[in-house]
Amino acid sequence: MTETEARAQRIGAPVLAVEEVSLTFGGVRALSEVSFDVREHEVRAIIGPNGAGKSSMLNVLNGFYQPQHGIIRFRGREFRGMKPHAAATMGIGRTFQNIALFRGMTVLDNIMVGRNLKMRGNLLQEAFWLPAARREEIEHRRAVEEIIDFLEIQHIRRTPVGQLPYGLQKRVELARALAMEPSVLLLDEPMAGMNLEEKQDMCRFVLDVNDHYGTTIVLIEHDMGVVMDISDRVVVLDYGSKIADGTPEAVRADQAVIDAYLGVAH
Amino acid sequence: MHILYSIFVDPFMQMAHAPDLLVQTLWDGLVSGVLYALIALGFVLIFKASGVFNFAQGIMVVFAALTLVGLNEHGVPAYLALALTVVVMLVLAIAVERAILRPLVNQPEIILFMATFGLTYVLIGLGELIFGGDPKVMISDQLGLPSGSYRINMLGGYVQLQKIDIAAAIIASLMVAGLGIVFNRTRIGRALRAVADSHRAALSVGISLEQIWVVVWFAAGVVALATGIMWGARSNVSFALEIIALKALPVLILGGFTSIPGAIVGGLIIGVGEKMGEFYWGPLVGGGIESWFAYVIALVFLLFRPQGLFGERIIERL
Numbered sequence: 559m560t561e562t563e564a565r566a567q568r569i570g571a572p573v574l575a576v577e578e579v580s581l582t583f584g585g586v587r588a589l590s591e592v593s594f595d596v597r598e599h600e601v602r603a604i605i606g607p608n609g610a611g612k613s614s615m616l617n618v619l620n621g622f623y624q625p626q627h628g629i630i631r632f633r634g635r636e637f638r639g640m641k642p643h644a645a646a647t648m649g650i651g652r653t654f655q656n657i658a659l660f661r662g663m664t665v666l667d668n669i670m671v672g673r674n675l676k677m678r679g680n681l682l683q684e685a686f687w688l689p690a691a692r693r694e695e696i697e698h699r700r701a702v703e704e705i706i707d708f709l710e711i712q713h714i715r716r717t718p719v720g721q722l723p724y725g726l727q728k729r730v731e732l733a734r735a736l737a738m739e740p741s742v743l744l745l746d747e748p749m750a751g752m753n754l755e756e757k758q759d760m761c762r763f764v765l766d767v768n769d770h771y772g773t774t775i776v777l778i779e780h781d782m783g784v785v786m787d788i789s790d791r792v793v794v795l796d797y798g799s800k801i802a803d804g805t806p807e808a809v810r811a812d813q814a815v816i817d818a819y820l821g822v823a824h
Numbered sequence: 002m003h004i005l006y007s008i009f010v011d012p013f014m015q016m017a018h019a020p021d022l023l024v025q026t027l028w029d030g031l032v033s034g035v036l037y038a039l040i041a042l043g044f045v046l047i048f049k050a051s052g053v054f055n056f057a058q059g060i061m062v063v064f065a066a067l068t069l070v071g072l073n074e075h076g077v078p079a080y081l082a083l084a085l086t087v088v089v090m091l092v093l094a095i096a097v098e099r100a101i102l103r104p105l106v107n108q109p110e111i112i113l114f115m116a117t118f119g120l121t122y123v124l125i126g127l128g129e130l131i132f133g134g135d136p137k138v139m140i141s142d143q144l145g146l147p148s149g150s151y152r153i154n155m156l157g158g159y160v161q162l163q164k165i166d167i168a169a170a171i172i173a174s175l176m177v178a179g180l181g182i183v184f185n186r187t188r189i190g191r192a193l194r195a196v197a198d199s200h201r202a203a204l205s206v207g208i209s210l211e212q213i214w215v216v217v218w219f220a221a222g223v224v225a226l227a228t229g230i231m232w233g234a235r236s237n238v239s240f241a242l243e244i245i246a247l248k249a250l251p252v253l254i255l256g257g258f259t260s261i262p263g264a265i266v267g268g269l270i271i272g273v274g275e276k277m278g279e280f281y282w283g284p285l286v287g288g289g290i291e292s293w294f295a296y297v298i299a300l301v302f303l304l305f306r307p308q309g310l311f312g313e314r315i316i317e318r319l
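Chains as they are written, first to last, in my numbering: chain A, 559 to 824; chain B, 2 to 319.
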């Protein structure tokens, strides 16, 4: 059995489905009637020219934006838009296009914040630093250290993230999202602004996460080479509408996609 | 020449001649500094987590103290009244989150600031309605707070330390230490700092802003209660206490609006500066400079460090 066949077997039923989602800001249409699904364990890319609505789509998926029309189905449950807190609770993690880290805090603390929902201690225990709170802290610290090893950032554990170079900040952000133990991970341009070496590292980490933790990944990416290499299926958006959906090869050959990228008049 | 002498030389001569008086002045300054620091701490907690400058912090001090004394007047035993007041502050925090913060989320800061003005008047009205507007005496004895003073002979004279002041300093230190632990090593503390740094990142990992707001307003309420007890024990509990909130302003300018150590160090500097200024330089202008000297200190700091002693440096890119 080849590697691709093994991957294909792992990919399961749809976990996340977007059905005819429309999103407007005032008079501006960011998304119009977009539908697609994401299957268990797959790497799903969303691509498109600038302003195509990719980030808006991601923001709908994790509850930052509430779409005016359409529904989102997550593991069989239907949502007409959800709150970020609910999305996180259900296991949807994410990173941001222009890094959103807690700049004043160390790498370790940033990732520990990702454990927020996994920690159960109450305010009273924490305020008095009772044994239960201490035990919990140690237990979650262990989980965080494992992620730190996984993403190879041991050496910067205690550094405030504001002092780190861009590429490492992106990695810390990924680590924080992983600390939530998400079943679906939304990555908004994880390789944007990186040099070739950093991109290769990040690609490897994304695939490793997908492999090792079995996390379903939805990513937005501009670098077509990266998209073709790592994604199982690709959705193409243009002016807020879906213009193509399929395997990387199929999408690359699609005339509408070529037009959108080369800027043929509509 | 004479004026320069009396500003730059004479006060220091006096300090050298009567070191016991100097120690006494420093002590008095530190004690009021502790109280300023506590008020500033209330401001910082709320400002850090929600970006709101809470004008009502001063009235929260009065309201907490008034509730405590008022409950006791109605026959509730002192410690039970204390516990109930803590519960009242929790209810207040929840009410503020529901009625003010949640509906006004994402509004400009000035609107939230104005809303805290409104809150101030609501609390004044509520306090007067329930407990009456007369000044009350703090129930320090029933709460087991010490009274009287120690007289320590030293440096050829003596220094008098009020026991209540020592207690205030100890309680304040314990509170600050407790807050320090919660902020640095617990889930809720990290979540608080996370919210202060980035709302959307905090939301993305499932931190509930509503919960954090309730926690900080409650913490600020408890700090207000402690301040109210300490301040009330030295004067009495009345709405006039509200103006001490204005004393927090120079402290915040000095310490930075977002720094807890800043609030403490700033409070102590203002407290000491005020007392020293009054005692050694006040007579030059006929005394009574204590009430405005703090603002002068803050102004001087503002010239050199606009972000405060510990505030985050503001770098504007052009």
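From the three backbone atoms N, C-alpha and C, an ideal C-beta is built for every residue, glycine too.
The structure presented is a predicted model; accordingly, all values stated were derived computationally and were not measured.
Quick one: what's residue i bridged to in DSSP?
| i | result |
| --- | --- |
| Pro-572(A) | Arg-597(A) |
| Asn-154(B) | Tyr-159(B) |
What first and last residue would you give for the alpha helix (DSSP H) that runs through residue i?
| i | result |
| --- | --- |
| Glu-636(A) | Element bounds for Glu-636(A): not the alpha helix (DSSP H) but the beta strand (DSSP E), 635-637. |
| His-770(A) | 754-770 |
| Tyr-623(A) | That residue, Tyr-623(A), is in no alpha helix (DSSP H); it is neither H nor E in DSSP. |
| Ser-51(B) | 20-51 |
| Leu-113(B) | 110-132 |
| Val-719(A) | Element bounds for Val-719(A): n/a, residue is neither H nor E. |
| Arg-188(B) | 188-198 |
| Arg-699(A) | 689-708 |
| Leu-310(B) | Taken as a continuous stretch (DSSP letters only), Leu-310(B) belongs to no alpha helix (DSSP H), as it is neither H nor E. |
| Val-671(A) | 665-671 |
Just the Cα atoms here: how many angstroms apart are residue i and residue j?
| i | j | result |
| --- | --- | --- |
| Gly-59(B) | Gly-798(A) | 51 Å |
| Gly-126(B) | Gly-43(B) | 22 Å |
| Phe-583(A) | Ser-590(A) | 12 Å |
| Lys-137(B) | Leu-247(B) | 22 Å |
| Glu-291(B) | Ala-50(B) | 32 Å |
| Pro-262(B) | Arg-652(A) | 33 Å |
| Glu-695(A) | Leu-688(A) | 11 Å |
| Leu-193(B) | His-18(B) | 50 Å |
| Ser-141(B) | Phe-305(B) | 42 Å |
| Gln-758(A) | Arg-693(A) | 38 Å |
| Val-77(B) | Ile-131(B) | 15 Å |
| Phe-632(A) | Ser-205(B) | 17 Å |
| Asp-166(B) | Val-32(B) | 6 Å |
| Ile-213(B) | Val-785(A) | 39 Å |
| Ser-741(A) | Leu-765(A) | 14 Å |
| Glu-600(A) | Gln-108(B) | 40 Å |
Measuring alpha carbon to alpha carbon, tell me which residue in the options is nearest residue i.
| i | options | result |
| --- | --- | --- |
| Leu-303(B) | Trp-282(B), Gly-267(B), Pro-147(B) and Ala-84(B) | Gly-267(B) |
| Leu-777(A) | Val-586(A), Ser-741(A) and Ile-604(A) | Ile-604(A) |
| Thr-26(B) | Pro-104(B), Ile-40(B), Thr-259(B) and Gly-272(B) | Gly-272(B) |
| Ala-169(B) | Val-216(B), Arg-186(B), Leu-144(B) and Glu-211(B) | Leu-144(B) |
| Ser-593(A) | Met-648(A), Gln-813(A), Gly-804(A) and Ala-814(A) | Gly-804(A) |
| Ile-47(B) | Met-61(B), Gly-34(B) and Val-35(B) | Met-61(B) |
| Leu-156(B) | Leu-23(B), Gly-149(B) and Tyr-296(B) | Leu-23(B) |
| Ile-208(B) | Ala-646(A), Val-586(A) and Cys-761(A) | Ala-646(A) |
| Arg-597(A) | Leu-820(A), Gly-772(A), Val-794(A) and Met-786(A) | Gly-772(A) |
| Ala-818(A) | Pro-806(A), Ala-802(A) and Ala-808(A) | Ala-802(A) |
| Leu-736(A) | Ala-701(A), Val-793(A), Gly-725(A) and Gly-783(A) | Ala-701(A) |
| Ala-221(B) | Gln-15(B), Ala-57(B) and Ile-101(B) | Ala-57(B) |
| Pro-251(B) | Leu-300(B), Gly-128(B), Gly-289(B) and Met-90(B) | Leu-300(B) |
| Gly-128(B) | His-75(B), Val-63(B) and Ala-116(B) | Val-63(B) |
| Leu-36(B) | Arg-201(B), Asn-185(B), Leu-242(B) and Pro-12(B) | Leu-242(B) |
| Arg-699(A) | Val-815(A), Asn-674(A) and Pro-718(A) | Asn-674(A) |
Please classify residue i: is it buried, with 16 or more other beta-carbons within 10 angstroms of its beta-carbon, or exposed?
| i | result |
| --- | --- |
| Asn-768(A) | buried |
| Ser-236(B) | exposed |
| Gln-727(A) | buried |
| Thr-259(B) | buried |
| Ile-714(A) | buried |
| Pro-325(B) | Residue 325(B) lies beyond the range of chain B shown here (2 to 319); nothing can be said about it. |
| Ile-40(B) | buried |
| Leu-285(B) | exposed |
| Val-10(B) | exposed |
| Ile-8(B) | exposed |
On the DSSP letters alone, give me the boundaries of the beta strand (DSSP E) that residue i sits inside.
| i | result |
| --- | --- |
| Gln-163(B) | 158-163 |
| Ala-802(A) | 799-804 |
| Leu-777(A) | 774-778 |
| Leu-250(B) | Taken as a continuous stretch (DSSP letters only), Leu-250(B) belongs to no beta strand (DSSP E), being part of the alpha helix (DSSP H) at 245-256. |
| His-743(A) | Before going on, a small fix: residue 743(A) reads as Leu here, not His. Its beta strand (DSSP E) spans residues 742-746. |
| Gly-651(A) | 650-652 |
For the ligand GTP, any of its heavy atoms closer than 7 Å to the Cβ of residue i?
| i | result |
| --- | --- |
| Pro-718(A) | Of ligands this structure carries none, so the ligand GTP is not represented either. |
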